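Following: one structure in structure tokens, then a few remarks.
Residue numbers (UniProt numbering): 1 to 236.
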């Protein structure tokens, strides 16, 4: 039996669907657009410009100041992603700027720590060689009309562990004479070694994904499907 309330509830639900649907589409649209001047891209530009400042402060042993700028840079990284998704400002240039900023931050920070003799030089060399290898790979793939490879979780983990190590080393250098600073330094160096190992593991994974594609020279439109196919059954 239909009650008078049923029609009222149905009308209310229909009105809510019509009101909320456009908002949901705008908020969660996955399409990356060919636009440059967006708020997230400006935030990413600020983040990139802050990286040399962080490195300079580290070389001058101004660790507290460098940590403050690093915290602002990290906050901007979270902010630009939130703004891009919420206000439908995801752009192709933004998808390129974000990983570039991550790599520049790691390179400049590790380089500054090596200059200050906080870490050995081989760590900087290992980071640079890996990024040069992937940079050359990206150029070769672009010549074959391939876009960037999908980010692997091992690469994300390596970046996260390296960033933790960098922050730990900076905090330990605030007062290196303290016992807790020496202990934190050892932990951070161990994390840096682990992060570099993950960094290189991800690089090898990217090479293993790219080389078969370059040999067969498949159309660029099938890149995502080809890479995702072996892993489709593993998604929850």
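Heads up, the beta-carbon is just placed ideally off N, CA and C, and yes, glycines get one too. Owing to the predicted nature of the structure, the values given are computational and were not obtained by experimental measurement.
I'd like to know whether the C-beta atoms of residue i and residue j end up nearer to each other than 7 Å.
{"i": "residue 191", "j": "residue 164", "result": "yes"}
{"i": "residue 83", "j": "residue 39", "result": "yes"}
{"i": "residue 133", "j": "residue 203", "result": "yes"}
{"i": "residue 188", "j": "residue 168", "result": "yes"}
{"i": "residue 194", "j": "residue 161", "result": "yes"}
{"i": "residue 112", "j": "residue 59", "result": "yes"}
{"i": "residue 166", "j": "residue 109", "result": "yes"}
{"i": "residue 290", "j": "residue 41", "result": "Outside the displayed span of the chain (1 to 236) sits residue 290, for which this structure offers no information."}
Excluding sequence positions up to five away, which residues of its chain have a Cβ less than 8 Å from the Cβ of residue i?
{"i": "residue 72", "result": "50"}
{"i": "residue 216", "result": "none"}
{"i": "residue 114", "result": "120, 121, 123 and 124"}
{"i": "residue 234", "result": "Because residue 234 carries a pLDDT of 47, less than 50, the predicted location of this residue cannot be relied on, and no value is offered for it."}
{"i": "residue 106", "result": "127, 159, 162, 163 and 166"}
Once the 5 residues before and after residue i are set aside, which same chain residues still bring their CB inside 7 Å of it?
{"i": "residue 210", "result": "137, 141 and 149"}
{"i": "residue 69", "result": "50, 53, 54 and 57"}
{"i": "residue 118", "result": "169 and 173"}
{"i": "residue 76", "result": "43, 46 and 47"}
{"i": "residue 104", "result": "48 and 51"}
{"i": "residue 242", "result": "In the structure displayed, the chain extends from 1 to 236; residue 242 sits before or after that span and is not available."}
{"i": "residue 23", "result": "Note that residue 23 has pLDDT 40, beneath the 50 cutoff, so the model's placement of it is unreliable and the number below is only indicative. Answer for residue 23: no residue qualifies."}
{"i": "residue 79", "result": "43"}
{"i": "residue 21", "result": "Residue placement at residue 21 cannot be trusted, given a pLDDT of 41 that sits under 50; what the coordinates show is reported in the next sentence. Contacts found: none."}
{"i": "residue 198", "result": "154, 157, 158 and 161"}
Leaving out five residues on either side along the sequence, give the residues of the same chain with a beta carbon under 6 Å from the beta carbon of residue i.
{"i": "residue 175", "result": "181"}
{"i": "residue 126", "result": "196"}
{"i": "residue 200", "result": "130"}
{"i": "residue 25", "result": "Note that residue 25 scores 35 on pLDDT, short of 50, meaning its location in the model is unreliable; the coordinates nonetheless yield the value given after this. Cβ neighbours of residue 25 beyond the five flanking positions: none."}
{"i": "residue 63", "result": "170, 173 and 174"}
{"i": "residue 36", "result": "93"}
{"i": "residue 128", "result": "none"}
Mind reading off the beta-carbon distance from residue i to residue j? Whole number of angstroms is fine, and I expect it under 8 Å.
{"i": "residue 66", "j": "residue 54", "result": "5 Å"}
{"i": "residue 116", "j": "residue 61", "result": "7 Å"}
{"i": "residue 213", "j": "residue 146", "result": "7 Å"}
Where does the unbroken alpha helix (DSSP H) through residue i begin, and where does it stop?
{"i": "residue 87", "result": "No alpha helix (DSSP H) contains residue 87, which DSSP labels as neither H nor E."}
{"i": "residue 41", "result": "39-59"}
{"i": "residue 188", "result": "179-216"}
{"i": "residue 157", "result": "153-172"}
{"i": "residue 125", "result": "121-143"}
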